[in-house]
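J.:
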Amino acid sequence: MRADPAEYQLVSPGNLQAVLSVLASEPAQWLPIAGGTDVMVLYSAGKLPNRKLINIWNIPELRQIELFPDTIRIGAACTYTALRRHEIISREFPLLATAASWTGGIANQNRGTLGGNIANASPAADSLPALLVYDAELTLISVRGERRVPYREFHTGYKKMALASDELIRDISLQRRFSEYVSHARKVGARNAQAISKVCLAALGQVSNGMIQDVRLAVGSVAPVPLRLQETERLLTGRKIEPSLIAVARKSVAKEIQPIDDIRSAARYRTAVACNLVGDFLVKFAAEGAKS
Ligand SMILES: Cc1cc2nc3c(=O)[nH]c(=O)nc-3n(C[C@H](O)[C@H](O)[C@H](O)COP(=O)(O)OP(=O)(O)OC[C@H]3O[C@@H](n4cnc5c(N)ncnc54)[C@H](O)[C@@H]3O)c2cc1C
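Position one of the sequence shown corresponds to residue 65 (the working numbering), numbered consecutively onward.
#1: If you draw a straight line from the C-alpha of I123 to the C-alpha of G99, how long is it?
#2: Check whether the Cβ of T101 sits closer than 6 Å to any heavy atom of ligand 1, and report yes or no.
#3: Within the chosen definition, does the region 316-329 reach the region 282-292 through at least 3 CB pairs nearer than 8 Å?
#4: What are the residues that DSSP puts in a beta bridge with T203?
#5: Using only CA atoms, which one of R211, G169, S247 and E217 lies nearest to G155?
#6: Check this for me: beta carbons of P96 and I118, under 7 Å apart or not?
#7: Excluding the 5 residues preceding and the 5 following S76 in the sequence, name in chain order all residues of the same chain whose CB lies nearer than 8 Å to its CB.
#8: I want to check one thing, is the minimum distance from the CB of A140 to the heavy atoms of ligand 1 below 6 Å?
#9: Tell me which same chain residues have a C-beta within less than 7 Å of the C-beta of D235, skipping the five on either side of it?
#10: Taking 6 Å as the cut-off, is the CB of N184 close to at least one heavy atom of ligand 1?
#11: Closer than 8 Å by C-beta to A161: which residues in its own chain qualify, once you throw out the five before and the five after it? Chain order, please.
#12: Leaving out five residues before and five after V244 in sequence, what residues of the same chain have Cβ atoms less than 8 Å from its Cβ?
#13: With burial defined as no fewer than 16 other Cβ atoms inside 10 Å of the residue's Cβ, what is the status of R314: buried or exposed?
#14: In three-state terms, what does DSSP make of G339?
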C-alpha cells in the first residue's frame, strides 16, 4: 500500500443532515465514501487527492428502495447485491439487475453502490447505460436543498458531472413503465467476470403490429460518457421490423459513437462490437416483437 493512513482523516457522522453540514463546511475538502470500491483503489495506489473522507455507507435514507405506484426510488448507497436480489427491480428493470450481476465479483457487489458507480463517472461503468434507457432521474441534496436532474444530463464530459462539491446523490428514480418492453443487455470484456467492459449495451424496444413504437439504445465505453444512440433510435422508430434494418442500424451506430484506443481495447474493435451488439438486439427484438 502506497498511502500513509496517518495523512488521512475519516469521519462518520451517521445521519444525513450532519453529513451535508460537513460537506458544506469546507467546500471541496471532504470526499464521500460509500462502498469504497473505487475510493480504496485510489487510496491504496497513493493516488487519492482528498485527505478528508466522510462515510455515507451507514446513512439509512441512502440505503432504502421505495416503491410507489408509478416509480421506484433507489437510495444511492444501495449495493449491487441489494439490486440483484430485489424482486421488482429484477422483474421490471432487468437491465439494471443484469448490470449489477456483471459488476466485479460477489465481494465487490456486496460493497459497490449504484450512487458510487454514477459519481465515479467512468464511461465504462456497467450500470449507466441501463439508467440512460430507463430515463432515470437523480435527486441531489445539500444543505441548500434538493434538486432533480435527469441522468442523461448529469455526465457532461469525461469524468465531469453536474454535482456541486457540497452535494450528494440521494436517490435514483425510475418510472415503472418498461416491463412490457423487449430488453437486451450485453457486456463484452476480456473475460466473463471481474473485467471492465470493452463495450456494454443496454437496449429496450416495443413493437406494435410489426412496427417499432419505441426503441432505446445506450452503450458504454464508446465515448467520453455513456452514450444514448439517439440518431439510431430516430432512424429505427416507426419502421417495420425486418432484417434490412440491421444494416441501417449498424451504419448509424458506427457514425454515432466516438470510441478510443486505450489499454483495454482498440477503437476499431469497439466499433465492430457495438455494431454487433445492436444487431444482436434487433434480431431478438424482431423475434420477440413478432409474438406481440
Ligand atoms: C475488483 C473491482 C471490480 C470492479 N468491477 C466493476 C465492473 O465490472 N463494472 C463497473 O461498472 N464497475 C466496477 N468496479 C468499480 C466499482 O465497484 C463501482 O464503480 C462501484 O459502483 C462504486 O461504488 P462505491 O460505493 O464502492 O463507490 P466509492 O468508492 O465509495 O465512491 C466512488 C466515487 O463516488 C463518490 N460517491 C459515492 N457515493 C456518492 C453519493 N451518494 N453522492 C455523491 N458522490 C458519491 C465518491 O466520493 C467517489 O468519488 C470494480 C471495482 C473493483 C475494485
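Idealized CB from N, CA, C, for every residue including glycine. Here the structure is a predicted model, which is why all the values come from computation and not from measurement.
T.: By the coordinates alone:
#1: Numbered from 1 along the sequence shown, position 59 holds the residue referred to as residue 123. Numbered from 1 along the sequence shown, position 35 holds the residue referred to as residue 99. Straight-line Cα distance between these residues: approximately 12 Å.
#2: For this step, residue 101 is matched to residue 37 along the sequence shown. Yes; taking the cut-off as 6 Å, the Cβ of T101 has a heavy atom of ligand 1 nearer than that.
#3: yes
#4: Here residue 203 corresponds to residue number 139 of the sequence shown, with the count starting at 1. Paired residue(s): R212 and D235.
#5: Residue 155 sits at position 91 when you count from the first residue of the sequence shown. The residue you asked about is not Gly; residue 155 is Arg in the sequence shown. Of R211, G169, S247 and E217, the residue nearest in Cα terms is S247.
#6: Translated into positions along the sequence shown, residue 96 becomes position 32. Translated into positions along the sequence shown, residue 118 becomes position 54. Yes. Within cutoff.
#7: Numbered from its first residue, the sequence shown carries residue 76 at position 12. I118, N119 and N122.
#8: Stepping through the sequence shown from its first residue, residue 140 is reached at position 76. Correct: A140 has its Cβ closer than 6 Å to ligand 1.
#9: The residue labelled residue 235 in the question sits at position 171 within the sequence shown. Excluding positions up to five away in sequence, the list reads R137, I138, G139, A140 and T203.
#10: For this step, residue 184 is matched to residue 120 along the sequence shown. Within the cutoff, so yes.
#11: Locating residue 161 in the sequence shown gives position 97, counting from the first residue. If we look at A161 and ignore the five residues flanking it on each side, its Cβ neighbours are L147, R148, H150, I153 and S154.
#12: The residue labelled residue 244 in the question sits at position 180 within the sequence shown. The amino acid occupying residue 244 in the given sequence is Glu; Val does not appear at that position. Excluding sequence neighbours, E244 sits near Q270.
#13: As a position in the sequence shown, residue 314 is number 250, starting the count at 1. Buried is the call here.
#14: On the sequence shown, residue 339 is found 275 positions in, with the first residue counted as 1. Reading the sequence as shown, one finds Cys at residue 339 and not Gly. Of the three classes helix, strand and coil, the one that applies to C339 here is helix, per DSSP.
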